[in-house]
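In our numbering, the protein residues as written are 752 to 1163. All C-beta atoms, glycine included, are put in the ideal place defined by N, C-alpha and C. What follows is a single structure, written as structure tokens, with notes after it.
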Ligand SMILES: C[S@@+](CC[C@H](N)C(=O)[O-])C[C@H]1O[C@@H](n2cnc3c(N)ncnc32)[C@H](O)[C@@H]1O
Ligand code: SF4
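Printed below as a string of structure tokens:
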């Protein structure tokens, strides 16, 4: 593993991604005509069958054009960027506010009492978010993650989850939280249709945790919340732990011991240079390879294959069979070439990279009356021109980008 070792490899199709141009709707010939419906597709009584059924039957029996396929609304378009990466995941920052002040994300000196967060009218409404999500799903998005800021400080976030959970085509609906408000919300989130949850927890040591959440809060509330999330079966529960050298690296073994043998999957994240204000320095990053060696010496591990292509964490399991842990190495082992994630900021901008400077405004056109088709064209335009791969070229940049969006604005 070497952060300076930049080896961009173009996106290669793997078996699970296999999809013909025709299936993807790309290049489907508009000149092909739909054949008349075969008699066998009428019911025994001669009645016409349901539109849904007929749609499937048409697709099975005919090559259809993009617009005809759209009308039938049967298949997502599976758009791809310049490197062939599909748009499979959408992370939505539902608020730019947070009840923590983690120094690596929203340092208290900057985000003090006088800091002006977005006024209400600039924040996407739940209806606007749900509308955009439906359009993303038509373009191939299957996974939705609500994040922030702290998503649980947005009032009624479970209503949004309820709205999203009815959208057909979403296979994974999840949320990332610091856990502080989770205990009282877990049941409502589950009832609304949230499938699983990721909780961030950097240390079990109250003092270290208090320093890393910037508020001096203790660990107990988050641990109780995790128990409640297990009870209501927001499963599997993943735990995000940012590791900062000299801050919490001495506490990682304790954290692992606590969750070893449970179904909670701890994932260590390398401290990243997101945004402009967290004072990031490369020497504060603990490379995942070093962390794996360190943990392995105490609790023997073996690597496990990824669950799917593009999974951000490298997976390991304990040799004694007591569970799984993960490592997210966006600094030392960039995974841009498999990145299928888009991000929607609290104020409705579409970002295609965590390290981007600016995004494309969707809220403006939406509020000015753009149709779904026009919004879909906008998103398609952004995605098909996408060629970012910041983490892979970070080390070769002579100077860092002048301005990057902050993580809490677009969601981690
Ligand atoms: C921005 S937070 C938003 C959701 C929620 N407030 C939380 O903390 O889980 C999403 C994830 O990003 C991680 N994160 C924030 N800043 C980071 C940084 N500089 N490097 C690595 N991870 C970071 C957090 O630890 C968290 O797991
Ligand atoms: S990482 Fe999450 S909890 Fe911490 S300040 Fe950022 S948004 Fe808040």
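Check: So, at 8 Å on beta carbons, what are the nonlocal neighbours of residue 1035 in its own chain, with the 5 sequence-adjacent residues on each side left out?; Outcome: 995, 996, 997, 998 and 1022
Check: Hey, quick one: how far does the beta strand (DSSP E) through residue 877 stretch, first residue to last?; Outcome: Looking at the DSSP string, residue 877 is not in any beta strand (DSSP E); the run it does join, the alpha helix (DSSP H), is 877-889.
Check: Would you kindly report the start and end of the unbroken alpha helix (DSSP H) that includes residue 1123?; Outcome: 1123-1135
Check: Is it buried or exposed, residue 783, if we count other Cβ atoms within 10 angstroms and call 16 or more buried?; Outcome: Low per-residue confidence applies at residue 783: pLDDT is 28, beneath 50, and the placement is therefore not dependable, though the value from the model is reported in the following sentence. Exposed: under 16 other Cβ atoms inside 10 Å.
Check: Let me check you understand the geometry: is the CB of residue 1018 closer than 7 Å to at least one non-hydrogen atom of ligand 2?; Outcome: no
Check: Ligand 2 heavy atoms versus the CB of residue 896: any closer than 7 Å?; Outcome: no
Check: With respect to the beta strand (DSSP E) encompassing residue 1064, which residues constitute its N-terminal and C-terminal limits?; Outcome: Run containing residue 1064: none; DSSP gives neither H nor E here.
Check: Any chance the CB of residue 862 is under 7 Å from a heavy atom of ligand 1?; Outcome: no
Check: Does the Cβ of residue 1160 have 16 or more other Cβ atoms within 10 Å, making it buried, or fewer, making it exposed?; Outcome: buried
Check: Please go through the same chain and pick out, in chain order, the residues whose beta-carbon is closer than 7 Å to the beta-carbon of residue 869, but skip the five residues on each side of it.; Outcome: 847, 1097 and 1098
Check: Taking its Cβ as the centre, do 16 or more other Cβ atoms sit within 10 Å of residue 797, making it buried, or is it exposed?; Outcome: Any reading at residue 797 needs caution, since the residue's pLDDT is 41, under 50, leaving its predicted position unreliable; the model's value is listed next. With fewer than 16 other Cβ atoms within 10 Å, it is exposed.
Check: Quick one, which of 918, 910 and 1083 has its alpha-carbon nearest residue 894's?; Outcome: 918
Check: Would you list, in sequence order, the uninterrupted beta strand (DSSP E) runs of no fewer than 3 residues that lie entirely inside the segment 1061-1115?; Outcome: 1065-1069, 1075-1079, 1092-1095 and 1100-1102
Check: Determine the DSSP secondary structure at residue 932, reduced to helix, strand or coil.; Outcome: coil
Check: Give every residue of the same chain whose Cβ lies closer than 7 Å to the Cβ of residue 957, excluding the five residues on either side of it in the sequence, and list them in chain order.; Outcome: 969 and 970
Check: In chain order, what residues of the same chain lie with their CB nearer than 6 Å to the CB of residue 934, ignoring the 5 residues before and after it?; Outcome: 975, 976 and 979
Check: When burial is assigned at 16 or more other CB atoms within 10 Å of the CB, is residue 1014 buried or exposed?; Outcome: exposed
Check: Please work out which residues of its chain come closer than 8 Å, Cβ to Cβ, to residue 890, disregarding the five sequence neighbours upstream and downstream, and give them in chain order.; Outcome: 827, 828, 829, 830, 838, 1127, 1130, 1131 and 1134
Check: Can you find a heavy atom of ligand 1 that lies under 7 Å from the Cβ of residue 1047?; Outcome: no
Check: Since residue 954 contacts residue 1006 with CB under 8 Å, what's their CB separation in whole angstroms?; Outcome: 6 Å
Check: So residue 921 packs on residue 1123, CB below 8 Å; how close in whole Å?; Outcome: With a Cβ gap of about 17 Å, residue 921 and residue 1123 do not count as contacting.
Check: Check residue 951 in the structure and name its three-state DSSP category.; Outcome: strand
Check: Is residue 1065 buried or exposed, if buried means 16 or more other CB atoms sit within 10 Å of its CB?; Outcome: buried
Check: Since residue 1067 contacts residue 1054 with CB under 8 Å, what's their CB separation in whole angstroms?; Outcome: 6 Å
Check: When DSSP labels each residue in this structure, what does residue 1033 get in the three-state scheme?; Outcome: helix
Check: Taking residue 1109 as the reference, give the member of 940, 1077 and 1155 with the closest Cα.; Outcome: 1155
Check: Please report the straight-line C-alpha distance between residue 858 and residue 1062, rounded to a whole angstrom.; Outcome: 29 Å
Check: Residue ranges of each alpha helix (DSSP H) run of no fewer than 4 residues wholly in the segment 951-1013, ordered along the chain?; Outcome: 957-964, 971-982 and 1003-1010
Check: Could you spell out where the alpha helix (DSSP H) holding residue 909 opens and where it closes?; Outcome: 908-916
Check: DSSP has residue 1019 in a bridge; who is on the other side?; Outcome: 992 and 1078
Check: DSSP state of residue 838, grouped into three classes?; Outcome: coil
Check: For a test of the three-state rule: what should DSSP assign to residue 945, helix, strand or coil?; Outcome: coil
Check: Can you tell me whether residue 1048 is buried or exposed? The criterion is at least 16 other CB atoms within 10 Å of its CB, across all chains shown.; Outcome: exposed
Check: Determine, for residue 1069, whether the minimum Cβ-Cβ distance to residues of chain D falls below 8 Å.; Outcome: The chain labelled as chain D is not found in the depicted structure, where only one protein chain is given.
Check: Name the one or two DSSP bridge partners that residue 895 has.; Outcome: 841 and 924
Check: Could you spell out the range, first to last residue, of the beta strand (DSSP E) harbouring residue 1042?; Outcome: Here residue 1042 belongs to no beta strand (DSSP E); instead the alpha helix (DSSP H) covers 1039-1049.
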